[in-house]
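Chemist:
Residue numbers (the working numbering), protein chains in the order written: chain A, 6 to 625; chain B, 2 to 384.
1) Would a check of beta-carbon distances place residue 16 of chain B closer than 9 angstroms to chain A?
2) Can you find at least 3 beta carbon pairs, one from the region 304-313 of chain B and one from the region 190-203 of chain B, that sit closer than 8 angstroms?
3) Within its chain, find whatever has a CB closer than 7 angstroms to the CB of residue 456 of chain A; leave out the 5 residues flanking it on each side and keep chain order.
4) List the residues of chain B whose Cβ lies closer than 9 angstroms to the Cβ of residue 50 of chain A, in chain order.
5) Name the residues in the region 217-234 of chain A whose C-beta lies less than 8 angstroms from a C-beta of chain B; which are they?
6) Does residue 508 of chain A come out as helix, strand or coil in the three-state DSSP assignment?
7) In chain order, what are the residue ranges of uninterrupted beta strand (DSSP E) at least 3 long that sit wholly in the region 494-550 of chain A?
8) Extract the residue ranges of the alpha helix (DSSP H) inside the region 80-114 of chain A, only unbroken runs of 4 or more that lie entirely within it.
9) List the endpoints of the continuous beta strand (DSSP E) containing residue 138 of chain B.
10) What does DSSP give as the partner residues of residue 75 of chain A in its beta bridges?
11) State yes or no: is the C-beta of residue 36 of chain B within less than 9 angstroms of the C-beta of residue 72 of chain B?
12) For residue 248 of chain A, which of A:414, A:268, A:276, A:353 has the nearest alpha-carbon?
13) Going by alpha carbons, who is nearest to residue 479 of chain A out of A:463, A:72, A:24?
14) Which of helix, strand or coil does DSSP assign to residue 30 of chain A?
15) At what residues does the alpha helix (DSSP H) containing residue 249 of chain A begin and finish?
16) With respect to the alpha helix (DSSP H) encompassing residue 208 of chain A, which residues constitute its N-terminal and C-terminal limits?
17) With residue 284 of chain B as the anchor, note down where its beta strand (DSSP E) starts and where it stops.
18) Looking only at its own chain, which residues have a Cβ that is under 6 angstroms from the Cβ of residue 381 of chain B, when we skip the five neighbours before and after it?
19) Going by DSSP, what residues sit across from residue 288 of chain A in a beta bridge?
20) Tell me whether residue 201 of chain B, by its Cβ, gets closer than 8 angstroms to a heavy atom of the ligand PLP.
21) Looking at the C-beta of residue 221 of chain B, does it have a partner C-beta in chain A at a distance below 9 angstroms?
22) Sorted by chain position, which residues of the same chain lie with C-beta nearer than 8 angstroms to residue 514 of chain A's C-beta, five sequence neighbours on each side aside?
23) What separation, rounded to the nearest whole angstrom, lies between the Cα atoms of residue 250 of chain A and residue 279 of chain A?
24) Please state if the CB of residue 123 of chain A and the CB of residue 83 of chain A are separated by a distance shorter than 9 angstroms.
25) Locate the beta strand (DSSP E) running through residue 213 of chain B, then write down its first and last residues.
26) Determine the burial state of residue 392 of chain A: buried for a count of at least 16 other Cβ atoms within 10 Å of its Cβ, exposed for fewer.
27) Counting along the chain, where does the alpha helix (DSSP H) carrying residue 152 of chain A start and finish?
28) Would the region 253-267 of chain A and the region 219-239 of chain B be scored as touching if the rule is three or more Cβ pairs under 8 angstroms?
29) Taking CB distances under 9 angstroms as the criterion, tell me whether residue 9 of chain B reaches chain A.
30) Hey, does residue 281 of chain B have any beta-carbon neighbour from chain A nearer than 9 angstroms?
31) Quick one: give me the first and last residue of the alpha helix (DSSP H) that residue 147 of chain B is part of.
32) Between residue 311 of chain B and chain A, is there a C-beta pair that is closer than 9 angstroms?
33) What residue range does the beta strand (DSSP E) around residue 457 of chain A cover?
34) Just checking, does the region 575-588 of chain A make contact with the region 530-544 of chain A on the three C-beta pairs under 8 angstroms criterion?
35) So the candidates are B:279, B:277, B:280, B:247; which of them puts its Cα closest to the Cα of residue 264 of chain B?
36) What whole-angstrom Cβ distance do residue 544 of chain A and residue 573 of chain A have, given they're in contact under 8 angstroms?
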């Protein structure tokens, strides 16, 4: 695992060095540079494979190809063996060197052979051409920009900002996207001019021109129509077993982040089954009123699997941690799960430099109930006229004796809404109405409203079958939420602690297989039956049966309790007002509502708070 | 020898089993063979031209189960009217009928096995019982034989019988001159129904960007049609090769030879999959391509290890390894000498071991053994 950066254009050693050194946390073990006429590459390295010999950048035999690499290639041994039979000579044992020889053999197509998580840049000196590629699911990040004829890229935005030609200015259009989604969906970033390379894409920079091209995309649909659940479980289990085994390749100790939930327990169980010696597991719990604690569940799993289990109970001080988190995240991601992720990675780092996690299980297997609810809402919309839904059922649902969460859900199902708005109501950071309410008139003038909905349009609309609806929503989540929230958070938080996090559930072969399964199998007996059945013999029945739980952070209580004053200070003071992004009185009203004991908008306040902290960290 | 052949799969329907059953029936002229097959459009014309005694059972139009009832009645009636020496089940699904005939009238039966139908988890216990009750189980490959043994069938009752290809029809110079190739473009070809994912079209498509890196003018012709076409189209688009994959749909029998001849390599990357027990039982198309003098790159899986001789008539690769597949395909596309050597050896191997006549000769021996009596020609009575 590493941090990489580079410049095509005028570059001197000191700038390259300071760019690279903003990413020391990503690679505390080693650093390396390549500097030639009009090209500079830098890398910080966390040594995992070929600890001694894997120094980067790595070149080919005659030094005309140079590569900097962030990630892990899980099939590097097989690739190496094949390349050696094709006559390539290797100088190291590292997975990075495989990239150079693959390029010699297959050019830009080599990316199709890589199994793993990666972002890398390869400089072809003879053709004066730079190839940059990001893994299929977007597990590893990559940012780039073009400025004054130069081309810059890096694993983190902070590195780009070290360059003299780059200054941090907000992209106001992206700001609206952030408020809508609570993260910024790629290729946009909150920094003007800086873009994310989308997952499954590669970029070629040659003759001053940049070309971005997709090389992989998940193909979701009911394609294996005749497969039954037993057969799917058998195939899935085999693939998962193989994938987990490959994810254990390392020259340094590997541990597991165990939350007690199904996904991380499943990965832990598969790891335990693949290894003879006991594995190390880590769990963090919060000692906070109202927080959901998973320590007990994790302990049950650890005991059953006989792991060397470590747990840590914390009372985190968010006012102290949040600014640090936001700096590491580069862009605000108002996902409170970032906090426990960061803390557990720091805890694990005391013992291991590599961890496996259960990230991606929900996105892989359709684990979000809202997919089905969305399909049901569309069905209702087709079957019942609007006046029945809005005039009869909706008022009834409002007086029904159910919790507020259910009421909101019912509201979203019954109200007459277009697909994009409905989806927004389910996933939004800020309620769509609140969002337009908060924006200052000037900002509303400056941007084109409706950009967030435009992100969704390709995936929604049209009358479709239930399977099609769910599959489209899953594809949407993979391209947005998974990559720009879940995975970015995991990468940045683990790297902040100098830990490499591996996500076996997002192995692309596993994704390709599950994507082609019919919905009737994918969601038979509720979501994740495949995973449950695959690991049922290995785990306690209570773990398999457990219902899905939301993140551990009691946001609403925080925002109206310990964080109340901090939030007001941040969002209402002069610096915040001077930005002119929001209508101050509306923000005040929002905070006023949340000052009361039963807060409802914890997520909205958190979203604004993260944004303000980001602005202070990067803009002021 | 009087034989009743019960088969759901029979021409003019398309497919490997269909061809095999037809070739079996027509190449035993010295036996009195009656085929019980489903009625389908175009059957009358086909049967009139084929000189095989076929009884078409009309219930097929309403589905398999009504057809099986019709088959049971017809078979028992035929057996009691004139007891055959042997019932041959072309597929395990017709075995219940044969089992009934055996119980009631003591007629021995043999059953042909292929792959997916005996590998499926669904109704596995029933299949086991049906196979164990047979006097002989014929497996089309070593792979299938081990699957049959997995059902607990006594090894001495399991026999190997490979299908074949017609070397006159599939010929490198069918019209007395060499077949045409389309300009300089290199062509990979797959021939299969697009119904089963295990056939590995997806692996070949995913290997295509790698193949193109070394052989830029390559195209991948996919013959056959079915519900997976949409999936494969989308896979091609997802890896950026939608322009290089050509779906030509179903190809008529008479055009098949030309199709093989217009290609450079037959690609058949079938894998063994748990899904529906999917696996290549044998892979007749690999023999057809070989008979046309074309090399084959195939998955090292299922019966393909019998139909393709690795390094001699083609190259076997791990069917899940796109890199290995790409490398093998490129080696054949780039090296004309290698391609010719594999193709020529492939045709030679078909002529030596895999003609339909050779298949029929072996079938005679096996049928006689199963019927418990020496093969006696009854050609005179059959005409």
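We put the CB at the ideal spot given by N, CA and C, even for glycine.
Modeler: Inspection of the coordinates gives the following:
1) no
2) no
3) 178, 181, 182
4) Under the 9 angstroms cutoff, chain B gives no residues; its nearest Cβ is about 27 angstroms from residue 50 of chain A.
5) 218, 219, 220, 221, 222, 223, 224, 226, 228, 229, 230, 231, 232, 233
6) coil
7) 505-507
8) 81-90, 100-111
9) 137-140
10) Answer by DSSP bridge pairing, in chain order: A:124.
11) No, they are not a contact pair.
12) A:276
13) A:463
14) helix
15) 234-251
16) Per DSSP, residue 208 of chain A belongs to no alpha helix (DSSP H); it is in the beta strand (DSSP E), 206-211.
17) Where residue 284 of chain B is concerned, there is no enclosing beta strand (DSSP E), given that its DSSP letter is neither H nor E.
18) Because the pLDDT at residue 381 of chain B is just 41, under 50, the model does not fix this residue reliably, and the point stays unresolved.
19) A:316
20) What this structure holds is no ligand at all, so the ligand PLP is not there to describe.
21) Chain A, which has no Cβ nearer than 9 angstroms to the Cβ of residue 221 of chain B, makes this no.
22) 120, 244, 248
23) 6 angstroms
24) no
25) Run containing residue 213 of chain B: none in the beta strand (DSSP E); it sits in the alpha helix (DSSP H), 202-215.
26) exposed
27) First-last for residue 152 of chain A: 148-152, but that is the beta strand (DSSP E), not the alpha helix (DSSP H).
28) Output reads no: the region 219-239 of chain B does not touch the region 253-267 of chain A.
29) no
30) no
31) Where residue 147 of chain B is concerned, the enclosing alpha helix (DSSP H) stretches over 143-150.
32) no
33) It is not in any beta strand (DSSP E) - residue 457 of chain A instead sits in the alpha helix (DSSP H) that spans 456-461.
34) no
35) B:247
36) That pair is no contact at about 45 angstroms.
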